[in-house]
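Below is one structure, written out as C-alpha cells, with a few remarks after it.
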Amino acid sequence: MKMMPASLIAVSALAFNAAMAADQVDYPKDYRQWTHVKSMTLHEGHPLENPFKGIHHVYANAKGVEGAETGKYKDGAIMVFDLLESKTQDNASVEGERILVGVMVKNDKKYAATGGWGFEAWKGNSRTERIVTDGGKSCFDCHAPQKDTGYVFSRWRD
Ligand code: HEC
20 MKMMPASLIA VSALAFNAAM AADQVDYPKD YRQWTHVKSM TLHEGHPLEN
70 PFKGIHHVYA NAKGVEGAET GKYKDGAIMV FDLLESKTQD NASVEGERIL
120 VGVMVKNDKK YAATGGWGFE AWKGNSRTER IVTDGGKSCF DCHAPQKDTG
170 YVFSRWRD
C-alpha cells in the first residue's frame, strides 16, 4: 500500500473526530427546568448499589414525558438520571454531593446500535468529564430488558 501523506492522515483523523463529535450526547443544560418523573433511593445491599447508591431523580423533556406515558419514545426525547449522595441527618434522608448525571437521548438513526438511545454520563457537577467509554454498550445492556417500554425503566405516574 502506498503511504498516505501526513496531511491526508490529518484530514481523515479530523473527519473521524467530527463524526464522533456529531454522535456525542450533549450535556442537558436545562434539565432542572424539565419535568420530574420520579425519585428513588438505593441503599447498601441493593444489587445496583455500585455505582448507583444514593438518591436519584429522573427528569424528562416534553418528548420524554410523552414517551414515559405511552412507552414509545420519539427522536429528541431526553431522559436524565441525576444521582446524589443520600445522607442521614436529624432522622431524615437528605441530598449530599452530586455523584453523576446520566443521560439518554433518543435518535434512532444515530444510536441504532444501542436501541436508538445515546447514553452518556458526567461525573459530579462537571459538564465536561464524561464517564461512558464504550459507546454506551454497558448502559444499554442493562436497559435492554425494558424493550417493551422503549428501553426505559421509569414509568409515568400522575
Ligand atoms: C446495572 C443496570 C444499569 C446500568 C448498567 C445502567 N442503568 Fe440506567 N437505569 C437502571 C435502572 C434500574 C433505572 C431505573 C431507576 C428508577 O426506577 O428510578 C435506570 C434509569 C436510567 C435513566 C432514567 C430513564 C429510565 O430508564 O428510567 C437514565 C437516563 C439512565 N438510567 C442512564 C444510564 C446511563 C447513561 C448508563 C450508563 C452510564 C446507565 N443508565 C447504566 C439500570 C441501569
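The numbering of the sequence shown is the numbering used here, which starts it at 20 and goes up by one.
All residues carry an ideal CB built from backbone N, CA and C; glycine is no exception.
All values derive from a computational prediction rather than experimental measurement.
Reduced DSSP secondary structure (H/G/I, E/B, other) of Val-84: In this structure, Val-84 counts as helix in the three-state DSSP scheme.
Collapsed DSSP secondary structure at Gln-43 in the structure displayed: Secondary structure at Gln-43: coil, using DSSP grouped into helix, strand and coil.
Under 9 angstroms between C-beta atoms of Gly-137 and Tyr-130: Cβ distance < 9 angstroms, so Gly-137 and Tyr-130 count as in contact.
Segment contact flag, the stretch 111–125 with the stretch 86–102, C-beta cutoff 8 angstroms, min 3 pairs: Between the stretch 111–125 and the stretch 86–102, the count of Cβ pairs shorter than 8 angstroms is three or higher; the stretches touch.
Helix, strand or coil at Ala-15 according to DSSP, with G and I counted as helix: Residue 15 cannot be examined here, being either before or after the span of the chain that is shown, 20 to 177.
Inter-residue Cα distance where the pair is Ile-74 and Val-113: Going by C-alpha positions, Ile-74 is about 9 angstroms away from Val-113.
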